[in-house]
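Residue numbers (my numbering): 369 to 700.
In what follows, a structure is listed as C-alpha cells, so that the remarks can point back to it.
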C-alpha cells in the first residue's frame, strides 16, 4: 500500500489514526470528512501537507467515493454518527451515514478491488450483566439496544455480505470505548474534564454503576493498522485493552486529579435503554496478529488526557457552552 483513504479522519478516533499513520508509516493519507459538528480541521493542522490531504465530502456521495476508491489502495472507514444521546433524539442521520454511507463505500471498493477496513463498536453486542464472567468475543450474537448501535450492527452485516457475495477484500474491527486527545466534548470523559476545568460538578447517569471497557485511541490506532496489514480477509477482530471501569469510578479518578472530593458529583436521570456493561475479549487479535496495547495504565492515560485538554482549551472552548446548553435542556 502507498495511498489510503481515512473516512471520518477529522473526527476523534479517525484523527488519532491519521496521526498514527503519519508517525509510524510512509503512507499518504487522504482524509474524507463531512466536517459535521464532530469533525474539526484543527485536529489535522499539525500534519505535513505532503502526507495528508483533506477532502471535504459525504461518504454517501457515490461519485466522490468512486474516484477515491479508484485512486487509493485501501479505505479505512471510521466515519459514523456515534453519539447514543443524539441517536435517541434524532435517529435519521444514523441511518444516512452508518447504513447508506457504508453501502456507498462498499459498492466503490467492490468496483475497484480496493482493500477495505470497517471500524465498528462493541455496542453492537448489547450489554452484559454486571456479574457475568464472560466478555464479548467475535462469536457473540448481535443484540443492539439503541438507534446508534443498531445502525452500526447493520453496517457490519453489510460488510460481511459484500465479502461473501461479491468477494470484497474487507475486514471488520469492533472496539471498546476510546479516550484520548481530540475527542468531542459531548462525550463522557472530555465533558467531565472540561467541566471540571470550569469548576462544574460532574454529572453521572443513574447510579453510575454502568461499566465501560476503556482503550486509549493510540492503542486503537495501532490495532487497526495491524489488522489492515496482517488481518485475514473476511475476519472480524475485537479490539480491547482490559480497561473495565464503572462510570462512577472514572468520575472519581478525574475528581482526584483535580484535587476534589471523590463524592463531588451529581446523579441525573439515566439514559433510556442504557447498556449495563461492555467487556472485550481481544484474544484473537493478540494471538493471531501479535498485537498488544501500550497504554495499559488507565490512571496514567487519564492524567495525560486531562493535561491535553488543559493545553488545548482553544480547541474545545468554542463548543463548550453549546454542549452544556443542550444537556441542560434535557435535564442532564
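The beta-carbon is built from N, C-alpha and C at its ideal position, and this holds for glycine as well.
Measure the C-alpha to C-alpha separation of residue i and residue j and round it to an integer number of angstroms.
i, j, result
"residue 500", "residue 683", "40 Å"
"residue 449", "residue 655", "31 Å"
"residue 554", "residue 691", "6 Å"
"residue 497", "residue 644", "6 Å"
"residue 626", "residue 639", "26 Å"
"residue 699", "residue 615", "18 Å"
"residue 523", "residue 471", "8 Å"
"residue 560", "residue 676", "14 Å"
Find the nearest neighbour of residue i within the set the options, judged by alpha-carbon distance.
i, options, result
"residue 469", "696, 429 and 490", "429"
"residue 695", "653, 426, 573 and 471", "573"
"residue 387", "402, 370, 420 and 615", "420"
"residue 462", "414, 404 and 442", "404"
"residue 642", "413, 472, 491 and 652", "491"
"residue 466", "657, 413, 526 and 649", "526"
"residue 678", "631, 600, 628 and 566", "566"
Output yes or no for whether 7 Å exceeds the beta carbon distance between residue i and residue j.
i, j, result
"residue 399", "residue 378", "yes"
"residue 530", "residue 596", "no"
"residue 440", "residue 390", "no"
"residue 454", "residue 514", "no"
"residue 476", "residue 437", "yes"
Tell me which same chain residues have a C-beta within less than 7 Å of the C-beta of residue i, skipping the five on either side of it?
i, result
"residue 493", "504, 508, 510 and 511"
"residue 666", "582, 611 and 613"
"residue 370", "395, 396 and 441"
Might you give, ordered along the chain, the residues of its own chain that have their beta carbon closer than 8 Å to the beta carbon of residue i, omitting 5 neighbours on each side?
i, result
"residue 592", "385, 444, 485, 487, 541 and 607"
"residue 532", "602"
Is it right to say residue i is buried, meaning 16 or more other beta carbons lie within 10 angstroms of its own, or is it exposed?
i, result
"residue 479", "exposed"
"residue 558", "buried"
"residue 681", "exposed"
"residue 590", "buried"
"residue 433", "buried"
"residue 382", "buried"
"residue 584", "buried"
"residue 661", "buried"
Skipping 5 residues on each side, what residues in its chain have a beta carbon closer than 6 Å to that of residue i?
i, result
"residue 545", "580 and 582"
"residue 447", "375, 376 and 427"
"residue 604", "506 and 540"
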